[in-house]
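Heads up: the structure comes next, in structure tokens.
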Amino acid sequence: MYADIPRLVFPTVLDASGGVPLRVQVREGLLAAIGDGRLPPESQLPTMRELAAHLSIDLNTVQRAYAELERLGAIETRRGRGSFVSSAPPLPDPDVRRAQTEACAAAAIAMARAQGLMPEDVARTMLEFLQGNQ
């Protein structure tokens with residue numbers, strides 16, 4: 001069952017300060033949980049209405065996030081049954097991968113700016129982090 005998925009994926013509240021759109025935060029939170037195995041293939045996701053209520057955000061925001069995840073092939077909606085993590089999430093084509101990378105970078109910069117950090121410092125720290133985790 002999926003009762004604990006919202007707490008598992010979103011242990012803290014979303015940042016509604018405007019730095020990163022809520023739709024992007026929801027999408028990226030679910031993508032991260034799929035990528036690191038917290039949401040394994042075939043896991044049923046909460047209904048859009050349940051997730052919106054849990055996160056205290058508008059239903060349309062969750063609908064847009066789920067639609068984007070479906071377009072990416074990360075989840076699939078089964079009529080009358082709900083939304084599930086795809087059995088084998090596809091590898092994105094290079095253009096999609098580039099767009100996802102740019103979205104992640106833009107989100108990191110927006111969050112850094114919202115906290116008064118310099119994008120250059122964030123970039124340097126990310127590079128150091130990546131080099132240390134290879």
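According to the UniProt record's numbering, the stretch in the sequence shown is residues 1 to 134, in order. A virtual CB, placed ideally from N, CA and C, is assigned to each residue, including glycine. Only a predicted model underlies this, so the values are computations on that prediction, with no experimental measurement involved.
Taking the alpha-carbon positions, what's the residue i to residue j distance?
i, j, result
"residue 88", "residue 119", "35 Å"
"residue 104", "residue 67", "18 Å"
"residue 129", "residue 79", "42 Å"
"residue 18", "residue 117", "16 Å"
"residue 214", "residue 38", "In the structure as shown, the chain begins at 1 and stops at 134. Residue 214 is therefore absent and cannot be evaluated."
"residue 131", "residue 52", "37 Å"
"residue 62", "residue 36", "21 Å"
"residue 125", "residue 50", "37 Å"
"residue 94", "residue 109", "22 Å"
"residue 127", "residue 102", "15 Å"
"residue 183", "residue 57", "Any property of residue 183 remains undetermined from this structure, which presents the chain solely from 1 to 134."
Have a look at the options and flag the residue whose alpha-carbon is nearest the alpha-carbon of residue i.
i, options, result
"residue 74", "100, 131, 80", "100"
"residue 59", "18, 125, 22, 29", "22"
"residue 27", "70, 53, 18, 54", "70"
"residue 72", "125, 52, 34, 132", "34"
"residue 77", "54, 48, 57, 94", "48"
"residue 24", "50, 65, 109", "65"
If residue i sits next to residue j, beta carbons under 8 Å apart, how far is it from one beta carbon to the other, in whole angstroms?
i, j, result
"residue 20", "residue 107", "5 Å"
"residue 122", "residue 112", "4 Å"
"residue 55", "residue 14", "6 Å"
- Item | Touch test, the segment 66-86 against the segment 37-54, Cβ-Cβ under 8 Å, three pairs minimum | yes
- Counting only runs of 3+ residues fully inside the segment 43-113, write out the beta strand (DSSP E) ranges in chain order. 75-78, 82-85
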